[in-house]
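*Asks:*
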Amino acid sequence: MAFSRQRLSALLLATALLAAPAAFAQEAKTFRAVISLPIQTLDPQKSIAGLAGDALRTVFQTLTFVQSDGSVAPMLAQSWEIDPNSEGLQWIVKLKPDVVFHDGEPFNAAAVAANWKRLLDPKVPIQARSNINMITEVEAIDDLTVRFTTNRPFSGFPMAIGHAVSSIVSPKSIAAGLLDDPNASPAGTGPYRIARFTLPDELEVEKFDNYWGKTGNAEKLVFISRPDEQARMAAFLAGEADANFYVGAESRGRVEGSQDLRTEAIASIREFIVHLPMKVDALQDIRVRRALNHAIDRDQIVKSVFGGVAEPALSAIQPGVAGYEKLPIYTYDVDKAAALLKEAGWTKNANGVLEKDGKPFPTLVFMSGRGRVPNDARLAQVTAAYLNQIGIPTTLQIDEFATFYPAAMAPDGRGTRFVHMSWGFGQMDGAAFLCTVYGEGRPQNFGGYENPKVGEACGKIDNTFDAAERARLIAEATKMVYEDAPAIFLVVPSLLAGFNSTVKNLKLDAGENHLLWEVELGAN
Amino acid sequence: MTNILEVKGLTTSFLRSGNWTPVVHGIDFQVKRGETLAVVGESGSGKSVTALSVMRLLPPRTSRVEGSIKLGGDELLDRSEAEMRGIRGNRVAMIFQEPMTSLNPLMPVGEQIREAIMLHRNVSLAEAKALALDMLDKVRIPSAAKRYGEIPHQFSGGMRQRVMIAMALACKPELIIADEPTTALDVTIQAQILELLRDLREEEDMSVLFITHDMGVVAEIADRVMVMQNGSLVEEAEVRQLFRAPAASYTRTLLEAVPVVGSMAGKDAPEAFKASTFKVPPSPRPAHDAPLLDVKGLTIRFDVRSGLFERVSARVHAVENVSFSIGRGETLALVGESGSGKSTIGRTLVGLANCLRGEIRVAGEKEGSLCRTIEERRQRVQMIFQDPYASLDPRLRIGRALTEPLRIRGVSERDALEQAAELMRLVRLSPDMLKRFPHEFSGGQRQRICIARALSVKPALLIADEAVSALDVSIKAQIIDLMLELQQELDLSYLFISHDMAVVERLSHRVAVMYLGEIVEMGSRRNVFENPQHPYTRRLLQAVPVPDPERRMRRSLTVDEIHSPIRTKDFIPPVRRMITVSPGHVVQQWEMA
Amino acid sequence: MLTQVLKTLAHSVISLFLLFTFVFFMIRIMPGDPARLLGGAGASDYDVQTLRESLGLDRSVMEQFLIFVRNVAQGDFGRSIQTGQPVGAEILTALAWSFSLVTAAMLLAIAFAVPAGVVAAVKRNRLPDISLTSIAVASTSLPAFWLALILIEVFSVNLRLLPSGGTGDLRNYILPTVVLAATQVGLITRMTRASVVEVLTADYVRTARAKGVHPYRILLRHVLVNAAAPTVTVVGLQTGLVLAGSIVTETIFNWPGVGRLLIRAVQARDYPMIQALILVFGVAMVTFNLLADLLNMLIDPRLRKK
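First to last, the protein sequences are chains A, B and C.
Quick note, the first sequence lines up with residues 1 to 524 if you use full-length UniProt numbering.
Quick note, the second sequence lines up with residues 1 to 593 if you use full-length UniProt numbering.
Quick note, the third sequence lines up with residues 1 to 306 if you use full-length UniProt numbering.
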């Protein structure tokens, strides 16, 4: 029909006209990144969401900064030290002078105190408060000196005040309630100030002229949230973004195959572990627990489940933190696993199920979330298959994360089911992982692991204010836990970011504290 | 006289599963100026196809028309589709059977007539509108100007058919083809429309090709008649000649099968069409005195709800204080026109509708039920409907359909099958047919199956709701004969609901005439037909076309409508008094108009 | 007619209230604890309890319900557990985005499907019918995400003609509109075809032909108006459904609409947001059905009862 032909040509014409202006030509020195999580808030003290919070780190800063190697560097604080007369309970922090907020307010001790007044106010729902809840009081001593009081000796303090939750916001913005208003621009001290925010999709920040430190050459940074992996990749491939946090393993080839694009990977601060249900009699035998750890082919999992974008977990805590060291003890060795089980009295029966004194190994419920982090469900399935191989019967129970997590937390079932979990702690401190995940009675200790030595070690670590000695203690305790095998240590997924060739000098960080403000944009 | 239409060797074929199958076999006929030629035949005779062939309205891809069709000397079969459009509605116009569906429901009736005028006459919009109004006046639609802008929905069936006629006449065509134009109408309305057509033919000097299955209508309206059977011309004759001395045997069979009102005059008992098949002739009176069914004061009303809270705004007084009884082996006919409530009574007796008041008692029940259907009655009272095809599940073999009521009652598979075979023999069908599906049967056979199914539970009373109305005359006669035979054999009672006075006269012992939900006259068939009292009974009997052109009579040209039984919410039905005319013959007292 | 509308509205309010009550209690039975999820990995039981109190989730479900009903009556739908923002404002913004997208998509779908359905009906069982019907059914049978990815791959990644997602200017509408329209084309085409086929065999169409009316005029004046009702109804119904149910399209194109909002809300067990969204979806369904009914009454006077 003539009329439909007309319509078709009209449509094509309209498409051509709309597309004509070179819409995606990059504005001068704007760095655009697609990120994987929605930006739910502009409040850095409430934001816990990985890179979404990281975007805010270009606007809001912390007193200290935990570097990729786990060491602590000054940021808004010049120095910090424990008050020798306080029995390890008080810290004196000296602030950097001549720092101003984006709204012109001066940064000083009063401003820090004002922020902590908010952070310590139980009525303000601060989600990550557990990272700082040992701090009980914060006072301004003079214009640039602040005294922090903790309720117990806490050597992790320098890291705690470097956690995103401890970000410093202009007191004026706090008083005006700007943090709760997605249309407002709360002020920080960072190299960039908020220019535009569309909840929860886009955040644009622009260079702050009165910034106290050094930055790269980007005038603007734009963070575009694209939670869907394929949508994120499409925007990156279409040239709508200079960087993609993060690239899925299956897209790696596509990015690396392109001349203008490259990927960079860094081990994340996440570690997949399976909490072993310590209340199950059979698992109280350390030989059985070790056998389970020997039954898993981590290299194969890295290859087949994660497409190579991961590394085997070789410690009880995540890499990149103070006290981490690789402990390659649990090699994949089915014979060894079988030998250990036999030693413990377990042998396979005709059905391939372990049996001891005529009683079969109890069938364990293997719980996992789905879709929270890439490959979580698949990893659970593969792990369960490895366990079945050595004769441990399991029932998989994979749920949406929102269902799985509270169920895993439920105290009544604690210690009776496998719980498969990916742990990562924003606080770049090995002690945080160690003491939270394996500490007796801690809510995150899903396996119900009870080892008084962990508690002892953690108390000692908190009381050790020498960084090197503290790291040594963490490493020692970690090794002890690792050998005791209260969990199956699986893999550490890597972060794989994609960049186009204009992006230079972007330092990735295991804790997702990428140094975005140092990015240099060059010609192609 | 000149021939307006001259048809020679007309052969119409349809493409059926790849083959051209002729359905009209080379027929010749003419319509002279000012003449009405009636085409009669039963379903499948090709009479409608002939009409559509003349109009060239058959789908061109699946039909083929050969021969010669000359309209006023012009060969229509040589015309292009565009030229035909200039002829249709202009030189030849058509009136269809279904007035309810043949008008565009969303277009004001005046517009539909105006459209026809503007297509063929070079007139302005205003002139066309004026012409359309004239046409509405001409077909005697009251206050035509007011009704010009109303949609068909606001018109009754008879009024719609008047609109159809106005539309057909709008361009003063040389030929009008009327395809069963009164078949779907009530008998009193049919009489009015036939009258109108006759008047208009005289006024306009129209030539009419009138297609019908109804010999009565033929006798009323035709000048000449052609009889068709299986696509061939059987006989063509002047109307008096045909009725007086039919030449073809088929015509004779057809005429014999036509029930004629008044043909039973002087007889008391029902009479079969082929009396020879009967061992014992039907008796004039029921064998037993005790009534099988006794209905007292039956009242059925439906609420018409509207408004925010579905409040009752009006009520349909479908059945109002109706009492009657039926004896064993007796046939009571309920006659009346649409909206008279006759079907509602039947449906209530088998529990398909709820009544408001009244007592229904079937002999053998311990006590009469007050408007409730007791389970026991379901078995003793069965119903058959007008459309036998719609009453059978098309995906169920007949065997299943017949055994199911038995299986529900716990009869074993084998016994049920045996009984089904017996039932088939009872309705004169071969038990071999049990394996077939409903579509493999003809209409008459399907109705036999429906009767068999109703009989499977051995009922005492069979309610037949227009059970033979949709059937061709010859088939109709066979089913009536079957029903009479079964009554004899099984001592059945019938409640025979029908609008067809001739059929009713043939097979009923007693007749109840219903009008707007009430029985206005009831008595023995002979009394009611030969000595009607109530004006409505008289009007009804008078309106029935008589299949005898000698007795053709002119009726006064009224535009009466059948009134509606919808009343306001606070309507209180008047108290009626029944007058006894003679023993067993009662009539409702009426006001003299 | 007005009473009919009022009646429909009254019925709708009751069913919406029931739906809403049902959802309110169902989501609280659904496993998952918003406070626990909000608290994140490091939260202690104490922290979670504090959060729970600050969100009002420590009260009994019945109490929560009464408070909520009271607040809704005052036009207050509460605050989102995820963002802390007033739920109403977030939904209104998202609704505007969804509505504009759905409107564009339905218009596009109608622009294709109605002519296609009519042509298919007129040429039924012939090539135009078979090809148009196949295209329509195929476009609806294609999974939306697959079609979306193909279009993005071609028009965004390879040709770089159109943005791959997000909002911005009118060009951002093109791909999601096409994808969403494709999901609807099949149903509307089939519905239009079916009702036109039915009307084409109607007696009054034969009457019109017997009058000598031109086929195009028959189509326009006699067929289309009479065949409109089912299509209008289905478009109304689908508009309501698509408004709530274009989750896939909204996710892939990162369209900030209500579908995506619902997914996020469910994942976080954001009760106030879920409740309000369900209510909004219900209202949207009712509204569009009502609009379709009104339009049908406008077309067909028989539907207007006195």
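In this text, a Cβ means the ideal position worked out from N, Cα and C, and glycines have one as well.
Buried or exposed: which applies to Glu-518 of chain B, given that a residue is buried once 16 or more other Cβ atoms fall within 10 Å of its Cβ?
*Replies:* So Glu-518 of chain B ends up on the buried side.
*Asks:* Three-state secondary structure (DSSP) at Met-421 of chain A?
*Replies:* It is a strand residue.
*Asks:* Short of 8 Å in beta carbon distance, which residues of its chain neighbour Ala-22 of chain A, apart from the five on each side in sequence? Order them along the chain.
*Replies:* Confidence is the limiting factor: at Ala-22 of chain A the pLDDT is only 42, short of 50, which leaves the residue's position unreliable and the question unanswerable from this model.
*Asks:* Can you find at least 3 beta carbon pairs, one from the stretch 498-510 of chain B and one from the stretch 254-263 of chain B, that sit closer than 8 Å?
*Replies:* Enough Cβ pairs lie closer than 8 Å, so yes.
*Asks:* Determine, for Arg-88 of chain B, whether the minimum Cβ-Cβ distance to residues of chain C falls below 8 Å.
*Replies:* Interface residue, yes.
*Asks:* Give, in chain order, every unbroken run of the alpha helix (DSSP H) that is at least 4 residues long and sits entirely within the stretch 113-154 of chain B.
*Replies:* Listed in chain order, they are 125-138, 144-147.
*Asks:* Per DSSP, Gly-346 of chain B forms a beta bridge with which residues?
*Replies:* Looking at the DSSP assignment, Gly-346 of chain B forms no beta bridge with any residue, so it has no partner.
*Asks:* Does the stretch 312-323 of chain A come into contact with the stretch 471-490 of chain A, if we say contact requires no fewer than three beta-carbon pairs (one atom in each stretch) closer than 8 Å?
*Replies:* Judged by Cβ distances under 8 Å, the stretch 312-323 of chain A makes contact with the stretch 471-490 of chain A, as three or more pairs qualify.
*Asks:* Look up His-294 of chain A in the DSSP assignment and say whether it is helix, strand or coil.
*Replies:* The answer is helix: DSSP assigns His-294 of chain A an H, G or I state.
*Asks:* Alpha carbon to alpha carbon, how far is Val-519 of chain A from Lys-504 of chain A?
*Replies:* Computed Cα separation, rounded: 6 Å.
*Asks:* If you draw a straight line from the C-alpha of Ser-422 of chain A to the C-alpha of Ile-247 of chain C, how long is it?
*Replies:* About 27 Å.
*Asks:* What's the C-alpha gap between Leu-237 of chain C and Ser-368 of chain A?
*Replies:* Spanning the two alpha carbons is a distance of roughly 39 Å.
*Asks:* Counting only Cβ pairs nearer than 8 Å, list the residues of chain A close to Pro-230 of chain C.
*Replies:* Residues of chain A passing the Cβ test: none, with the nearest at roughly 23 Å.
*Asks:* Val-154 of chain C: buried (16+ other C-beta within 10 angstroms of its C-beta) or exposed?
*Replies:* Flag for Val-154 of chain C reads exposed.
*Asks:* Suppose only complete runs of 3+ residues qualify. What are the beta strand (DSSP E) ranges in the stretch 383-443 of chain A, listed by chain order?
*Replies:* Runs found: 394-400, 418-424.
*Asks:* Please return the same chain residues whose Cβ sits closer than 8 Å to the Cβ of Ala-454 of chain B, not counting the five positions on each side in sequence.
*Replies:* Excluding positions up to five away in sequence, the list reads Gln-382, Met-383, Ile-384, Leu-462.
*Asks:* Taking the straight line between their C-alpha atoms, what separation do you get for Ala-384 of chain A and Ile-392 of chain A?
*Replies:* Roughly 9 Å separates the two Cα atoms.
*Asks:* Can you tell me whether Gly-266 of chain B is buried or exposed? The criterion is at least 16 other CB atoms within 10 Å of its CB, across all chains shown.
*Replies:* Classification of Gly-266 of chain B: exposed, given that the 10 Å Cβ count is below 16.
*Asks:* If we define contact as Cβ-Cβ less than 8 Å, is Asn-289 of chain C a contact residue for chain B?
*Replies:* No, its Cβ sits nowhere closer than 8 Å to a Cβ of chain B.
*Asks:* In whole angstroms, what separates the C-alpha of Leu-506 of chain A from that of Leu-521 of chain A?
*Replies:* Approximately 10 Å between the Cα atoms of the pair.
*Asks:* Can you confirm whether the stretch 394-410 of chain A touches the stretch 451-459 of chain A when touching is taken to mean that 3 or more C-beta pairs between the two stretches lie within less than 8 Å?
*Replies:* Contact between the stretch 451-459 of chain A and the stretch 394-410 of chain A is absent, because fewer than three Cβ pairs lie under 8 Å.
*Asks:* Considering only C-alpha positions, which residue in the set A:Leu-144, A:Phe-499, A:Gly-188, A:Gly-511 is nearest to Gly-239 of chain A?
*Replies:* Nearest of A:Leu-144, A:Phe-499, A:Gly-188, A:Gly-511 to Gly-239 of chain A, Cα basis: A:Phe-499.
*Asks:* Say whether chain A places a C-beta atom closer than 8 Å to the C-beta of Gln-267 of chain C.
*Replies:* True, the Cβ-Cβ gap to chain A drops below 8 Å.
*Asks:* Pop quiz: Val-427 of chain B and Ile-451 of chain B are said to be a contact at Cβ under 8 Å. What is the actual Cβ separation, rounded to whole angstroms?
*Replies:* So it is a contact: roughly 5 Å between Cβ atoms.
*Asks:* Compute the Euclidean distance between the alpha carbons of Ile-193 of chain B and Lys-138 of chain B, then round it to the nearest angstrom.
*Replies:* The straight-line gap from Cα to Cα measures roughly 13 Å.
*Asks:* To which residues of the same chain is Ser-45 of chain B closer than 6 Å at the C-beta, ignoring the five residues directly before and after it?
*Replies:* Same-chain partners within the cutoff: Met-228, Gln-229.
*Asks:* Cutting at 8 Å between CB atoms, please list the residues of its own chain near Gln-588 of chain B, excluding the five before and the five after it.
*Replies:* Taken in chain order, the residues that qualify are Glu-518, Ile-519, Val-520, Glu-521, His-534, Arg-576, Arg-577, Met-578, Ile-579.
*Asks:* How long is the line joining the alpha carbons of Lys-336 of chain A and His-294 of chain A, rounded to whole angstroms?
*Replies:* So the alpha carbons of these two residues sit roughly 7 Å apart.
*Asks:* Determine whether the Cβ of Ser-44 of chain C lies closer than 8 Å to any Cβ atom of chain A.
*Replies:* By this cut-off, Ser-44 of chain C is an interface position.
*Asks:* Please go through the same chain and pick out, in chain order, the residues whose beta-carbon is closer than 6 Å to the beta-carbon of Gly-511 of chain A, but skip the five residues on each side of it.
*Replies:* Taken in chain order, the residues that qualify are Ile-269, Met-428.
*Asks:* Near Arg-88 of chain B, what residues of its chain come up, given a Cβ to Cβ distance below 7 Å and the 5 sequence neighbours on each side ignored?
*Replies:* Correct list, in chain order: Met-55.
*Asks:* So what does Phe-245 of chain A bridge to, in DSSP terms?
*Replies:* Paired residues: A:Ile-35, A:Ala-497.
*Asks:* Please identify the residue among B:Leu-254, B:Pro-431, B:Val-218, B:Leu-490 whose C-alpha is closest to the C-alpha of Arg-380 of chain B.
*Replies:* The candidate whose alpha carbon is nearest that of Arg-380 of chain B is B:Leu-490.
*Asks:* Taking C-alpha atoms, which residue in B:Arg-16, B:Leu-200, B:Val-217 lies nearest to Leu-185 of chain B?
*Replies:* Measuring from the Cα of Leu-185 of chain B, the nearest candidate turns out to be B:Val-217.
*Asks:* Suppose the cutoff is 8 Å on Cβ atoms and the five residues either side in sequence are ignored; what does the same chain contact list for Asn-413 of chain A look like?
*Replies:* A quick correction: the sequence has Gly, not Asn, at residue 413 of chain A. Closer than 8 Å at the Cβ level, and outside the excluded window around Gly-413 of chain A, lie Ala-407.
*Asks:* Can you name, in chain order, every residue of its own chain whose Cβ lies under 7 Å from the Cβ of Ser-9 of chain A, other than the five neighbours on each side?
*Replies:* With a pLDDT of 49 at Ser-9 of chain A, under the threshold of 50, the modelled position of that residue is not reliable, and the figure given next carries that caveat. So the list is empty, once near-sequence residues are dropped.
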